[in-house]
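Residue numbers (our numbering), protein chains in the order written: chain C, 1 to 117; chain E, 118 to 229.
Ideal Cβ positions, reconstructed from N, Cα and C, are used throughout, including at glycine.
Computed from a predicted structure; not experimentally measured.
Below: one structure, written as structure tokens.
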Amino acid sequence: GAVVSQHPSWVICKSGTSVKIECRSLDFQATTMFWYRQFPKQSLMLMATSNEGSKATYEQGVEKDKFLINHASLTLSTLTVTSAHPEDSSFYICSATRGALSNQPQHFGDGTRLSIL
Amino acid sequence: AQSVTQLDSHVSVSEGTPVLLRCNYSSSYSPSLFWYVQHPNKGLQLLLKYTSAATLVKGINGFEAEFKKSETSFHLTKPSAHMSDAAEYFCVVNKGAQKLVFGQGTRLTINP
């Protein structure tokens with residue numbers, strides 16, 4: 001089946017640093033990837049849609065200068081949390097779809113737990 | 118606008134008994150609906166999906182769900198719970214352009 005790999009799985013860093021999270025589709029090409037944020041015991045909230053070769057589309061309320069997304073190839077999207085602060089601590093999950101049809105399921109990475117001290 | 122409501126935040130059943138996780142949807146057109154499962158500190162795994170081909174959808178690990186348009190429901194069931202089924206379950210609808218809207222989640226606990 002489809003596999004999406006996310007790295008790192010856990011990161012702890014000091015306030016003010018920037019953190020990059022990678023999302024890779026291992027056995028298929030993904031023209032579109034998605035980034036979600038999940039707070040403890042809550043559901044997933046879509047942050048942005050990452051499109052290969054073009055700018056990401058951010059959901060309302062998500063700061064694009066804070067959460068930089070790059071989708072440089074058909075198998076890799078990165079999320080960079082810039083100048084991270086404790087309130088950015090969260091579980092970040094990426095997903096990817098094989099095709100463009102709306103009935104295609106999204107395949108999720110295992111998530112990255114980000115802790116800002 | 119497309120949305121889903123999971124009616125129970127927590128469901129607890131005994132091992133070997135049936136599981137029912139309830140989900141109601143709201144959609145202005147025939148929706149694409151999914152059930153995903155999330156184990157602690159993990160991403161989401163697709164259990165099954167409904168895309169209008171058949172109202173009774175069979176998924177992995179013995180789960181199935183029935184799409185009922187008259188009731189706007191898409192409840193997830195399993196005849197016999199296993200300890201490994203303990204996890205968080207999300208009912209999800211596609212709101213277009215491949216964007217997903219998640220329900221609030223239902224935590225399933227299995228008692229030995």
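Measuring straight from C-alpha to C-alpha, what distance separates ASP202(E) and LEU225(E)? The residue you call residue 202(E) lines up with position 85 of the second sequence. The residue you call residue 225(E) lines up with position 108 of the second sequence. The straight-line gap from Cα to Cα measures roughly 7 Å.
Using a beta-carbon distance below 7 Å, is VAL78(C) in contact with chain E? Your numbering for residue 78(C) matches position 78 in the first sequence. What sits at residue 78(C) in the sequence shown is Thr, not Val. Not one chain E Cβ lies under 7 Å of THR78(C).
Look at the alpha carbon of THR75(C) and the alpha carbon of ASP27(C), and state the distance between them as a whole number of angstroms. Position 75 of the first sequence, counting from 1, holds the residue named residue 75(C). Position 27 of the first sequence, counting from 1, holds the residue named residue 27(C). Distance between the alpha carbons of THR75(C) and ASP27(C): 9 Å.
Between which residues of its own chain and SER5(C) is the CB-CB distance below 7 Å, once the five residues before and five after are set aside? For the purposes of this step, residue 5(C) is identified with residue 5 of the first sequence, where counting begins at 1. If the five residues before and after SER5(C) are omitted, its C-beta is found closer than 7 Å to the C-beta atoms of ARG24, LEU26, GLY109, all from its own chain and listed in chain order.
Per the DSSP calculation, LYS150(E) is bridged to which residue(s)? Looking up residue 150(E) in the second sequence gives position 33. First, the amino acid is wrong: residue 150(E) is Leu here, not Lys. LEU150(E) is bridged to TYR167(E), VAL210(E).
According to DSSP, is ASN51(C) helix, strand or coil? Here residue 51(C) refers to the residue found at position 51 when the first sequence is read from its first residue. Look at ASN51(C) here: in three-state DSSP terms it is strand.
Hey, ARG113(C) and ASN178(E) are a contact pair by Cβ (cut 8 Å); roughly how many whole angstroms apart? The count along the first sequence starts at 1 and reaches residue 113(C) at position 113. The count along the second sequence starts at 1 and reaches residue 178(E) at position 61. No, ARG113(C) and ASN178(E) are not in contact; Cβ-Cβ is about 25 Å, not under 8 Å.
Less than 7 Å between CB atoms is the rule here; does PHE219(E) satisfy it with respect to chain C? The residue you call residue 219(E) lines up with position 102 of the second sequence. Cβ-Cβ to chain C under 7 Å: yes for PHE219(E).
Quick one: any contact between the stretch 193-207 of chain E and the stretch 132-142 of chain E, if contact means 3 or more CB pairs under 8 Å? Verdict: yes, contact present.
Using C-beta distances below 8 Å, list every residue in its chain close to ASP117(C), excluding the 5 sequence neighbours before and after it, in chain order. Translated into the one-based positions of the first sequence, residue 117(C) becomes position 117. According to the sequence displayed, residue 117(C) carries Leu and not Asp. Only ILE12, CYS13, LYS14, SER15, PRO86 meet the Cβ criterion.
Measuring only between beta-carbons, confirm whether ILE116(C) sits less than 7 Å from chain E. Counted from its first residue, the first sequence places residue 116(C) at position 116. It does not: the Cβ of ILE116(C) has no partner Cβ on chain E nearer than 7 Å.
According to a CB-to-CB cut-off of less than 9 Å, which residues of the stretch 37-53 of chain C neighbour chain E? The residues in question are GLN38, LYS41, GLN42, SER43, LEU44, MET45, LEU46, THR49.
Taking three-plus beta-carbon pairs below 8 Å as touching, is the stretch 165-178 of chain E in contact with the stretch 214-223 of chain E? Because the criterion of three Cβ pairs below 8 Å is not met, the stretch 165-178 of chain E and the stretch 214-223 of chain E do not touch.
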